[in-house]
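Student:
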């Protein structure tokens, strides 16, 4: 990152923030978190994608690449805006404070957010300045906001079914049907826009507060769009779809050491020829919108810009796929013309990376990722992931949202989530202890210190590693289904002692 000095930070998605209302919010909890980062001497806050999530609650399967997740809207801020009263808040049930119970949280918060949106759109006289700001927001963001508002309202009206299961004329956006929708659901569409305005207004305040403290925010976008999204529904011509809107080919990764059948993600693949004909206009809009919310963006599955694994849509697994070249170089040149020569992009280049991916990353001077957890195998060290070997133009981590925590992995046994045998587990532990020359009692701090001392310009750790937590706090297990993305921390876990130790490690590493 040419504009960022040697510095460090913490990975924590806003949903994991503490608070009274079931899920982390963009209000007092986020402000307190920024103050904690400042006390720890950290200059980076990395988050996961901010978009509204669909089935499974994964930030990487968002219903849109452009809108924000209304579930993050702060109820305390809505009280300050006069959209909620203390009596309204008193009606909220109690939620767990250490995890997100997504089912009841979504049900309750959605009902309350609809109430707030209705009050906002019907009380224009109460706050004329706020409503003028809303009108300006709708005009400025019209290119994506209209499509998103119609999509989310139609999805709600059709029982949350995927758009391909809606009435055909609406699913395919026929002109007469869309005019009827806009007329019949005008109130609901306006309320959906109001929620986006409130989200962006609150996020802007948080981002400005971060800037005041010298904290940069690292955002995240998946390379592919979800099939059930406003992106695909509104831009069918940019994806490989059949006449009914179903994907003819989908994304994934081929069989490997970890999975005999590979991973079939199911995202529709881009029709890159159509994107090139528009000089990548959709991608320009996507990155411009993301960079209006964050300072730096990590792009997940960067290798897909060099070549991607194409799976026939009719296949149930990723076995029968093929590698197809992608026009990544042309895309990034077009993005540079639009957004400037020094694109603030981090390339997620983990896994098996081929020379063409390295060449693409290095040509555009994007830093890649280094994860210390990947350094240790059974009685071996993976040289490129040892902190002493990290290049300056890289972003280093103790682990990511897809990894177990440092202590969780060290203490884990062979189970259904891994391909490791008991013998391999013991050998890996020996390798870790031999490398760190410790007894493993404070292994999370050993990892943080080693990563912080590396040459990587930017270094981060998940908050779980700073807190010394185990596998119970893991955010996700790639390729597995289950209850993920729901971890939250409590303020009593982030003690003054931990804050001071993070500050000392950071100062010692001259970050």
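Residue numbers (the numbering used here): 61 to 571.
Every residue, glycine too, gets a C-beta built ideally from N, C-alpha and C.
With 16 other CB atoms within 10 Å as the buried threshold, where does residue 327 fall?
Tutor: Translated into the one-based positions of the chain shown, residue 327 becomes position 267. Residue 327 counts as buried, since at least 16 other C-beta atoms from the protein chains shown sit within 10 angstroms of its C-beta.
Student: For a test of the three-state rule: what should DSSP assign to residue 196, helix, strand or coil?
Tutor: Counting from 1 along the chain shown, the entry for residue 196 is found at position 136. If DSSP states are grouped into helix, strand and coil, residue 196 belongs with the helices.
Student: Whole angstroms are fine: how far does the CA of residue 461 sit from the CA of residue 119?
Tutor: By one-based count along the chain shown, residue 119 stands at place 59. By one-based count along the chain shown, residue 461 stands at place 401. Distance between the alpha carbons of residue 119 and residue 461: 11 angstroms.
Student: Between which two residues does the alpha helix (DSSP H) holding residue 370 run?
Tutor: Within the chain shown, residue 370 is the residue found at index 310, counting from 1. Looking at the DSSP string, residue 370 is not in any alpha helix (DSSP H); the run it does join, the beta strand (DSSP E), is 367-372.
Student: Compare the Cα-Cα distances from residue 74 to each of 216, 107, 265 and 345 and report the closest residue.
Tutor: Here residue 74 is taken as the residue at index 14 of the chain shown, counted from 1. Ranking the options by Cα distance to residue 74, first place goes to 107.
Student: Once DSSP output is grouped into helix, strand and coil, what is the label at residue 339?
Tutor: For the purposes of this step, residue 339 is identified with residue 279 of the chain shown, where counting begins at 1. Residue 339: coil per DSSP, three-state reduction.
Student: For residue 346 versus residue 452, is the C-beta spacing smaller than 8 angstroms?
Tutor: If you number the chain shown from 1, residue 346 lands on position 286. If you number the chain shown from 1, residue 452 lands on position 392. No.
Student: In whole angstroms, give me the CA-to-CA distance for residue 217 and residue 288.
Tutor: Sequence index remark: in the chain shown, residue 217 carries index 157 (1-based). Sequence index remark: in the chain shown, residue 288 carries index 228 (1-based). Each residue's alpha carbon lies about 15 angstroms from the other.
Student: Using only CA atoms, which one of 419, 334, 520 and 540 lies nearest to residue 569?
Tutor: For the purposes of this step, residue 569 is taken as residue 509 along the chain shown, with counting starting at 1. Closest by alpha carbon: 520.
Student: Output the boundary residues of the alpha helix (DSSP H) element that contains residue 429.
Tutor: For this step, residue 429 is matched to residue 369 along the chain shown. Not the alpha helix (DSSP H): residue 429 falls in the beta strand (DSSP E), residues 428-431.
Student: What does DSSP give as the partner residue(s) for residue 436 in the beta ladder?
Tutor: In the chain shown, the residue the question calls residue 436 occupies position 376. Residue 436 pairs with 441.
Student: Per DSSP, residue 312 forms a beta bridge with which residues?
Tutor: Taking the first residue of the chain shown as 1, we reach residue 312 at position 252. Partner(s): 324 and 369.
Student: Around the Cβ of residue 499, are there at least 16 other Cβ atoms within 10 angstroms (buried) or fewer (exposed)?
Tutor: Translated into the one-based positions of the chain shown, residue 499 becomes position 439. Under this definition residue 499 is an exposed residue.
Student: Check for me: the alpha helix (DSSP H) holding residue 564 runs from which residue to which?
Tutor: Within the chain shown, numbered from 1, the residue matching residue 564 stands at position 504. Residue 564 -> alpha helix (DSSP H) spans 556-568.
Student: Let me know the secondary structure DSSP gives residue 520 once reduced to three states.
Tutor: Against the chain shown, residue 520 aligns to sequence position 460. Strand at residue 520.
Student: If you draw a straight line from the alpha carbon of residue 399 to that of residue 259, how long is it in whole angstroms?
Tutor: In the chain shown, residue 399 corresponds to position 339, counting from 1. In the chain shown, residue 259 corresponds to position 199, counting from 1. Between the alpha carbons of residue 399 and residue 259 lies a gap of roughly 24 angstroms.
Student: Determine the DSSP secondary structure at residue 48, reduced to helix, strand or coil.
Tutor: Examination of residue 48 is not possible in this model, given that the chain is present from 61 through 571 alone.
Student: Just to confirm, are residue 90 and residue 77 a CB contact at a threshold of 8 angstroms?
Tutor: Your numbering for residue 90 matches position 30 in the chain shown. Your numbering for residue 77 matches position 17 in the chain shown. Yes, the Cβ-Cβ distance between residue 90 and residue 77 is below 8 angstroms.
Student: What are the boundary residues of the beta strand (DSSP E) that residue 282 is part of?
Tutor: Mapped onto the chain shown, residue 282 falls at position 222. Looking at the DSSP string, the run of the beta strand (DSSP E) that includes residue 282 is 276-282.
Student: Taking the alpha helix (DSSP H) that residue 507 falls in, what are its first and last residues?
Tutor: Against the chain shown, residue 507 aligns to sequence position 447. Unbroken alpha helix (DSSP H) run through residue 507: 503-513.
Student: Measure from the alpha carbon of residue 408 to the alpha carbon of each residue in 442, 449 and 356, then state which is nearest.
Tutor: As a position in the chain shown, residue 408 is number 348, starting the count at 1. Of the candidates 442, 449 and 356, the one whose C-alpha sits nearest the C-alpha of residue 408 is 356.
Student: Looking only at C-alpha atoms, which of 167, 143 and 141 sits nearest to residue 153?
Tutor: Position 93 of the chain shown, counted from the first residue, corresponds to residue 153. Measuring from the Cα of residue 153, the nearest candidate turns out to be 167.
Student: The beta strand (DSSP E) spanning residue 358 covers which residue range?
Tutor: The residue labelled residue 358 in the question sits at position 298 within the chain shown. Start and end: 356-360.
Student: Which of the three DSSP states is assigned to residue 482 in this structure?
Tutor: To locate residue 482, count along the chain shown from 1; it is residue 422. It is helical.
Student: How about residue 194 and residue 284: are their beta carbons less than 8 angstroms apart?
Tutor: Taking the chain shown and counting its residues from 1, one reaches residue 194 at position 134. Taking the chain shown and counting its residues from 1, one reaches residue 284 at position 224. No.
Student: Going by DSSP, which residues form a beta bridge with residue 68?
Tutor: Here residue 68 refers to the residue found at position 8 of the chain shown. When beta bridges are read from the DSSP output, residue 68 appears opposite 519.
Student: Can you list, in chain order, the stretches of the beta strand (DSSP E) that have 3 or more residues and sit fully within the segment 99-186?
Tutor: 104-106
Student: Taking the C-alpha atoms as reference points, what is the distance between residue 198 and residue 126?
Tutor: Here residue 198 refers to the residue found at position 138 of the chain shown. Here residue 126 refers to the residue found at position 66 of the chain shown. Whole-angstrom Cα-Cα distance: 13 angstroms.
Student: Examine the Cβ distances between the segment 231-243 and the segment 209-216 and report whether three or more of them are shorter than 8 angstroms.
Tutor: Between the segment 231-243 and the segment 209-216, the count of Cβ pairs shorter than 8 angstroms is three or higher; the stretches touch.
Student: Would you list the residues sitting across from residue 405 in a DSSP beta bridge?
Tutor: Indexing the chain shown from 1 puts residue 405 at position 345. DSSP lists 357 as partners of residue 405.
Student: Where residue 320 and residue 382 are concerned, what is the direct C-alpha to C-alpha distance, given to the nearest angstrom?
Tutor: Residue numbering aside, residue 320 sits at position 260 when the chain shown is read from its first letter. Residue numbering aside, residue 382 sits at position 322 when the chain shown is read from its first letter. Rounded to whole angstroms, residue 320 to residue 382 spans 16 angstroms at the Cα level.
Student: Could you pull the start and end residues of the alpha helix (DSSP H) that residue 209 belongs to?
Tutor: Looking up residue 209 in the chain shown gives position 149. Per DSSP, residue 209 belongs to the alpha helix (DSSP H) from 202-217.
Student: Quick check: residue 406 and residue 429, are their CB atoms within less than 8 angstroms of each other?
Tutor: The count along the chain shown starts at 1 and reaches residue 406 at position 346. The count along the chain shown starts at 1 and reaches residue 429 at position 369. Yes, Cβ-Cβ distance for residue 406 and residue 429 is below 8 angstroms.
Student: Indicate whether the contact test is met: 3 or more Cβ pairs, each with one atom in the segment 364-372 and one in the segment 408-418, closer than 8 angstroms.
Tutor: yes
Student: Could you tell me the alpha carbon to alpha carbon distance between residue 496 and residue 514, rounded to whole angstroms?
Tutor: Working through the chain shown from its first residue, we reach residue 496 at position 436. Working through the chain shown from its first residue, we reach residue 514 at position 454. Each residue's Cα considered, the two are about 14 angstroms apart.
Student: Out of curiosity, what's the CA-to-CA distance linking residue 82 and residue 138?
Tutor: The sequence position of residue 82 within the chain shown is 22, counting from 1. The sequence position of residue 138 within the chain shown is 78, counting from 1. For residue 82 and residue 138, the distance between alpha carbons rounds to 16 angstroms.
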